[in-house]
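Asker: Taken in order, these protein sequences are the chains called P and R.
The first sequence: position 21 = 21 (this note's numbering), numbered continuously.
This note's numbering runs 1000 ahead of the 1-based position in the second sequence.
All C-beta atoms in this analysis are idealised placements derived from N, C-alpha and C, irrespective of residue type, glycine included.
Note that the structure is a prediction, hence the values are computed from the model and not measured.
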Amino acid sequence: MVERRRFGNLIPHLILWVGIALVAFPVYLAFVASTQDNAAIANGQMSLLPGDLFFETYYKTLFVGTSGSTREPVGTMLFNSFVMAMAIAVGKIAISILSAYAIVYFRFRFRMAVFWLIFITLMLPVEVRIYPTYKIAADLNLLDSYSGLTLPLIASATATLLFRQFFMTVPDELLEASRIDGAGPVRFFKDTLLPLSRTNIAALFVILFIYGWNQYLWPLLITTRDDMQTIQIGIRKMITTSDALTEWPVVMATAVLAMLPPVAVVVVMQKLFVRGLVETEK
Amino acid sequence: MADVTLRDVRKTYAGGVEAIKGVSLKVADGAFCVLVGPSGCGKSTLLRMIAGLETVTSGEVDIGGRVVNAVEPAARDIAMVFQNYALYPHMSVYNNMAYGLRNRGLARAEIEARVHEAAQILEIEALLARKPKQLSGGQRQRVAMGRAIVRHPKVFLFDEPLSNLDAKLRIAMRVEIRKLQRRLKTTAVYVTHDQLEAMTLADLLVVMNGGEVEQIGAPLEVYQKPATTFVAAFIGAPPMNLMPAAHAGPNGWADSLPPGAVVGVRPEDLMLGQDAPAGGLRLPLTVEAVEHIGAESFVYGKVSSKAAAGDDVIVRVAADATPALGTSVAVTASRDKLHLFGADGRRLAD
Ligand SMILES: Nc1ncnc2c1ncn2[C@@H]1O[C@H](COP(=O)(O)OP(=O)(O)OP(=O)(O)O)[C@@H](O)[C@H]1O
Ligand SMILES: [Mg+2]
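1) Does the beta carbon of Asn-1103(R) come closer than 8 Å to any beta carbon on chain P?
2) Run through DSSP, which three-state label would Phe-188(P) get?
3) Going along the chain, which residues of the region 179-192 of chain P sit with their C-beta nearer than 8 Å to a C-beta in chain R?
4) May I have the straight-line CA-CA distance separating Gly-1342(R) from Ala-1079(R), to the nearest angstrom?
5) Under 7 Å between beta-carbons, which chain R residues line up against Ala-177(P)? List them in chain order, please.
6) For the alpha helix (DSSP H) containing His-13(P), list its first residue and its last residue.
7) May I ask whether a heavy atom of ligand 2 can be found less than 7 Å away from the beta carbon of Asp-1159(R)?
8) Please tell me whether, using a cut-off of 7 Å, the distance from the CB of Gly-1294(R) to the nearest non-hydrogen atom of ligand 1 is below it.
9) Should Lys-1011(R) go down as buried or exposed, given a rule of 16 or more other Cβ atoms within 10 Å for buried?
10) By the DSSP assignment, the beta strand (DSSP E) with Met-1243(R) in it spans what residues?
11) For Lys-282(P), name the three-state secondary structure that DSSP assigns.
12) Between Gly-1146(R) and the rest of its own chain, which residues show a CB-CB distance below 7 Å, the 5 nearest in sequence each way excluded?
13) Does any residue of chain R bring its CB to less than 8 Å from the CB of Pro-195(P)?
14) Just grab the DSSP bridge partners of Ile-1078(R) for me.
15) Ala-1002(R): which of Asp-1062(R), Arg-1142(R), Val-1009(R) and Gly-1037(R) sits nearest, CA to CA?
16) Beta carbon of Lys-1021(R): closer than 7 Å to some heavy atom of ligand 3?
17) Decide if Trp-213(P) is buried, meaning its Cβ has at least 16 other Cβ atoms within 10 Å, or exposed.
18) Per DSSP, which residues does Arg-1282(R) bridge with? Please list them.
19) For chain R, is any of its Cβ atoms less than 8 Å away from the one on Gln-36(P)?
20) Give the C-beta separation of Ala-1188(R) and Phe-1158(R) to the nearest angstrom, bearing in mind that I take them to be a contact with Cβ-Cβ under 8 Å.
21) Answer yes or no: do Asn-1164(R) and Asn-1084(R) have a C-beta to C-beta separation smaller than 8 Å?
22) Can you find a CB in chain P that lies within less than 8 Å of the CB of Ala-1002(R)?
23) Find the nearest neighbour of Leu-1025(R) within the set Ala-1289(R), Gly-1217(R) and Val-1222(R), judged by alpha-carbon distance.
24) Between the alpha carbons of Pro-12(P) and Arg-1174(R), how many angstroms are there, rounded?
25) By DSSP, does Arg-1352(R) sit in helix, in strand, or in coil?
26) My parser needs the beta strand (DSSP E) runs of 3 or more residues fully inside the region 1181-1259 of chain R; what are they?
27) Listing by chain order, which chain P residues have their CB less than 7 Å from the CB of Pro-1073(R)?
28) Per DSSP, which one or two residues make a beta bridge with Cys-1033(R)?
29) With a threshold of 8 Å between beta carbons, is Leu-272(P) in contact with chain R?
30) Taking only three categories from DSSP, how would you classify Val-128(P)?
31) Are Ala-1086(R) and Leu-174(P) closer than 8 Å when you measure CB to CB?
32) Ignoring anything shorter than 4 residues or poking outside the region 1301-1332 of chain R, list the alpha helix (DSSP H) runs there in chain order.
33) Please list, in chain order, all residues of the same chain as Glu-1072(R) whose beta carbon is under 7 Å from its beta carbon, the five residues on each side excluded.
34) Please compile the residues from chain R whose C-beta is within a distance smaller than 7 Å of the C-beta of Glu-173(P).
35) For Gly-184(P), count the other beta carbons within 10 Å of its own beta carbon; 16 or more makes it buried, fewer makes it exposed. Which is it?
36) Let me check you understand the geometry: is the CB of Thr-230(P) closer than 7 Å to at least one non-hydrogen atom of ligand 1?
Written out as structure tokens, the structure is:
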């Protein structure tokens, strides 16, 4: 270790603080704007201190919504986004871990072909295959439904690769010990592999939840009904109203609200995977 | 309780590696059988076939009179201790031991009784709530043993269970494993490449080389009458001195041996002295290195006689009789201490 000097940490700290300020200031600004009067924001006289309309604005945002553009309270959008992000995260993890289990632990015909097929889905995100995917979703009557929102995004088992790599580091002897202990494939998966993957699952969950939460293009295509729109779409719609004055406090409140669930997920899951990392199993 | 019988067991791995080239073996009920041999000779493969972790290419594995070739490991009534212990990292010591019993549907009370009994025997009662990573290597080893004995199996299988321990602990555990096995009277098959471990543990010693059995027998019998030059060189430390019979001559007995014969003599059977006993062996040596290990020393010498010039010979001598480096000495052995092998490496009739 480098010897600690009194002011030695000053410069790194300074840089860190500047970085934090750069990231945090817009967020702060959004929060401040969400607590002020629309007129003040619109004519550029917004104060840099929070105003006194916090409860009013957030109540309106969550339960009433904007008067014109989105026609749905943000509460509904939050719910939709939450369902979508959750379903994508859980669905992807479930599919990936099972397919990785099959690929690593079972010998079947075309195993490598299957692996490569899955691998190739990495190169085909929704954006690339959007037309055929939309066509299929439409043909299957999935428009304006939660299944339509989530299934096409779940179906690429990209996390398979990660689980596969992890499973390959699990010593073979654990499987062998399980076999001797009378655990079949299901028990081995449930009692040994799943608990050992806890850390990986937590980390993946965070990534996938945020991935799902931030989806824009797909929900934009697949949903037309107001009560099915996600928060990302909602924000966008609030701003694009051309004739009416944009309700900036509501927009900002929505933005702030849209940030909270991913943050919450990170905070909750972080505990889990930091603990997992600290007590690394040998 | 059961005996283990292998009948011409063979194993060819996918890819064509012939790991086991026909092994037949019978381990009596309650006996402690040790498979020993150099790395890659197929010890683990053989053990894993008994465990059911590898398929048997041909031949029969028979446990307690039942051919188990097609039986799942869990149904073979065996327990295995792995080299790296293979404890479930996320389970407590208690659960590690109880897991197999739960899977077999034993009653809770019975499981608890068995785990506590095993923990008591192995003196790990205080560790039951810990996770494997909170244990020392020796303690993990005990837990692995515990996991094996709670099952009350017909056969214990050990794959180099002590090789991750330090030398002192290894000896202590070795003694303990032997005591435990005697007490439980469970048949055991134990794999090691440590010939000392093999000698001390075995009722039945199986020396393997290149996928084949070189010799099966009681440890002392194997030591005293090695069946091949391989066994002669492998069992015993330092190893037996082997040299072409021609190097031992000119000698009455050596001349009558078939061509290509090999003479072996153990380091402890060589005496410092000038005169060869009648029909015995005499080798003039130049001392090149000396190892003092306490009560005795090992002398590494090069033969200086014309016939055998340059052969390396190891001699065990008493510590106070150790010759100085660079000196010339003569060592002798009587005829009954000599092991004679044919050109094919097999022991010639004594
Ligand atoms: N899964 C496998 N596929 C192909 N060949 C294998 C496999 N496992 C082992 N072998 C080969 O079979 C032979 C015997 O291996 P094995 O593991 O039984 O040796 P071993 O006597 O246990 O050695 P060690 O003392 O190093 O553990 C070796 O030549 C090895 O390369
Ligand atoms: Mg081995």
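Answerer: Based on what the coordinates show:
1) For the purposes of this step, residue 1103(R) is taken as residue 103 along the second sequence, with counting starting at 1. So, interface residue.
2) Taking the first residue of the first sequence as position 1, residue 188(P) is located at position 188. Three-state result, Phe-188(P): helix.
3) Result list: Arg-179, Ile-180, Asp-181, Gly-182, Ala-183, Arg-187, Asp-191 and Thr-192.
4) What you label residue 1342(R) is simply residue 342 of the second sequence in a count that begins at 1. What you label residue 1079(R) is simply residue 79 of the second sequence in a count that begins at 1. Each residue's Cα considered, the two are about 41 Å apart.
5) Numbered from 1 along the first sequence, position 177 holds the residue referred to as residue 177(P). Here the neighbours are Phe-1082 and Ala-1086.
6) Here residue 13(P) is taken as the residue at index 13 of the first sequence, counted from 1. Where His-13(P) is concerned, the enclosing alpha helix (DSSP H) stretches over 10-34.
7) On the second sequence, position 159 is the one that residue 1159(R) refers to. Yes, the Cβ of Asp-1159(R) comes within 7 Å of a heavy atom of ligand 2.
8) One-based indexing of the second sequence puts residue 1294(R) at position 294. False, no ligand heavy atom lies under 7 Å from that Cβ.
9) Position 11 of the second sequence, counting from 1, holds the residue named residue 1011(R). The residue in question, Lys-1011(R), is buried, as its Cβ has 16 or more Cβ neighbours within 10 Å.
10) As a working note, residue 1243(R) is residue 243 in the second sequence. Residues 1241-1244.
11) Within the first sequence, the letter at position 282 stands for residue 282(P). Any reading at Lys-282(P) must be qualified, since the residue scores a pLDDT of 39, below 50, and its modelled position is unreliable; no value is offered.
12) Against the second sequence, residue 1146(R) aligns to sequence position 146. Once the five neighbours on either side are set aside, the close Cβ partners of Gly-1146(R) are Met-1097, Ala-1118, Ala-1119, Leu-1122 and Ile-1124.
13) Looking up residue 195(P) in the first sequence gives position 195. So, interface residue.
14) Indexing the second sequence from 1 puts residue 1078(R) at position 78. According to DSSP, which records beta bridges pairwise, Ile-1078(R) is partnered with Val-1155(R).
15) Walking along the second sequence from the start, residue 1002(R) turns up at place 2. Of Asp-1062(R), Arg-1142(R), Val-1009(R) and Gly-1037(R), the residue nearest in Cα terms is Asp-1062(R).
16) You won't find ligand 3 in this model; what it holds is ligand 1 and ligand 2.
17) In the first sequence, the residue the question calls residue 213(P) occupies position 213. Per the 10 Å Cβ criterion, buried.
18) Within the second sequence, residue 1282(R) is the residue found at index 282, counting from 1. Partner(s): Thr-1332(R).
19) If you number the first sequence from 1, residue 36(P) lands on position 36. No, Gln-36(P) does not count as interfacial toward chain R.
20) Locating residue 1188(R) in the second sequence gives position 188, where the first residue counts as 1. Locating residue 1158(R) in the second sequence gives position 158, where the first residue counts as 1. For a cut-off of 8 Å, the C-beta gap from Ala-1188(R) to Phe-1158(R) is around 7 Å, short enough to register as a contact.
21) On the second sequence, position 164 is the one that residue 1164(R) refers to. On the second sequence, position 84 is the one that residue 1084(R) refers to. Closer than 8 Å, so yes.
22) In the second sequence, counting from the first residue as 1, residue 1002(R) sits at position 2. For Ala-1002(R), the answer is no, since every Cβ of chain P falls outside 8 Å of its Cβ.
23) For the purposes of this step, residue 1025(R) is taken as residue 25 along the second sequence, with counting starting at 1. Out of Ala-1289(R), Gly-1217(R) and Val-1222(R), Gly-1217(R) has the C-alpha closest to the C-alpha of Leu-1025(R).
24) For the purposes of this step, residue 12(P) is taken as the residue at position 12 of the first sequence. For the purposes of this step, residue 1174(R) is taken as the residue at position 174 of the second sequence. So the alpha carbons of these two residues sit roughly 56 Å apart.
25) With chain R represented from 1001 up to 1350, any question about residue 1352(R) goes unanswered, as that position is not in the structure.
26) Counting whole runs of 3 or more residues, the region 1181-1259 of chain R contains the beta strand (DSSP E) stretches 1187-1192, 1204-1209, 1212-1217 and 1241-1244.
27) The residue given as residue 1073(R) occupies position 73 in the second sequence. Those within 7 Å of Pro-1073(R) in chain P are Arg-179 and Ile-180.
28) Mapped onto the second sequence, residue 1033(R) falls at position 33. BP columns for Cys-1033(R) point to Val-1189(R) and Leu-1204(R).
29) Here residue 272(P) refers to the residue found at position 272 of the first sequence. The Cβ of Leu-272(P) sits no closer than 8 Å to any Cβ of chain R.
30) Here residue 128(P) is taken as the residue at index 128 of the first sequence, counted from 1. Coil at Val-128(P), not helix or strand.
31) Here the question's residue 1086(R) lines up with position 86 in the second sequence. Here the question's residue 174(P) lines up with position 174 in the first sequence. Yes.
32) none
33) As a working note, residue 1072(R) is residue 72 in the second sequence. Contacts found: Gly-1052.
34) Locating residue 173(P) in the first sequence gives position 173, counting from the first residue. Under the 7 Å cutoff, chain R gives Phe-1082, Asn-1084 and Ala-1086.
35) What you label residue 184(P) is simply residue 184 of the first sequence in a count that begins at 1. Classification for Gly-184(P): exposed.
36) Numbered from its first residue, the first sequence carries residue 230(P) at position 230. Thr-230(P): no, Cβ never under 7 Å from ligand 1.
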